[in-house]
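S.K.:
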């Protein structure tokens, strides 16, 4: 999970740095190009974030499925151990 936190922080830092103001006033053409570039960066960061979230959800789902598959075996073993202790 730490890998996803690092990726999310990096994306947020990238967005924050791209939003910093410049000292120079850009011309209309430069402003439009900058806005387009910023929008592309935001779109890329949002796609990366969505992919990261989907991967995390998939991994969590897989873990839950494994736990659910192992649960009957664990319960059966615990129940058997408990019955054996009661019979002693």
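Residue numbers (our numbering): 10 to 97.
Even glycine gets a Cβ: it sits at the ideal position worked out from N, Cα and C.
Give the DSSP-derived three-state secondary structure of residue 97 in the structure shown.
M.R.: For this step, residue 97 is matched to residue 88 along the chain shown. Residue 97: coil per DSSP, three-state reduction.
S.K.: How about residue 61 and residue 88: do their beta carbons lie closer than 9 Å?
M.R.: As a position in the chain shown, residue 61 is number 52, starting the count at 1. As a position in the chain shown, residue 88 is number 79, starting the count at 1. Against a cut-off of 9 Å, the Cβ pair of residue 88 and residue 61 comes out as no contact.
S.K.: Rounded to the nearest angstrom, what separates residue 59 and residue 94 at their Cα positions?
M.R.: Within the chain shown, residue 59 is the residue found at index 50, counting from 1. Within the chain shown, residue 94 is the residue found at index 85, counting from 1. Computed Cα separation, rounded: 50 Å.
S.K.: Can you give me the Cβ contacts of residue 13 inside the same chain, cut-off strictly under 6 Å, excluding the 5 residues immediately before and after it?
M.R.: Start at 1 with the first residue of the chain shown, and residue 13 comes out as number 4. 61, 65, listed in sequence order.
S.K.: Whole angstroms is fine: what's the gap from residue 76's alpha carbon to residue 57's?
M.R.: Taking the first residue of the chain shown as 1, we reach residue 76 at position 67. Taking the first residue of the chain shown as 1, we reach residue 57 at position 48. Between residue 76 and residue 57, the C-alpha separation is close to 29 Å.
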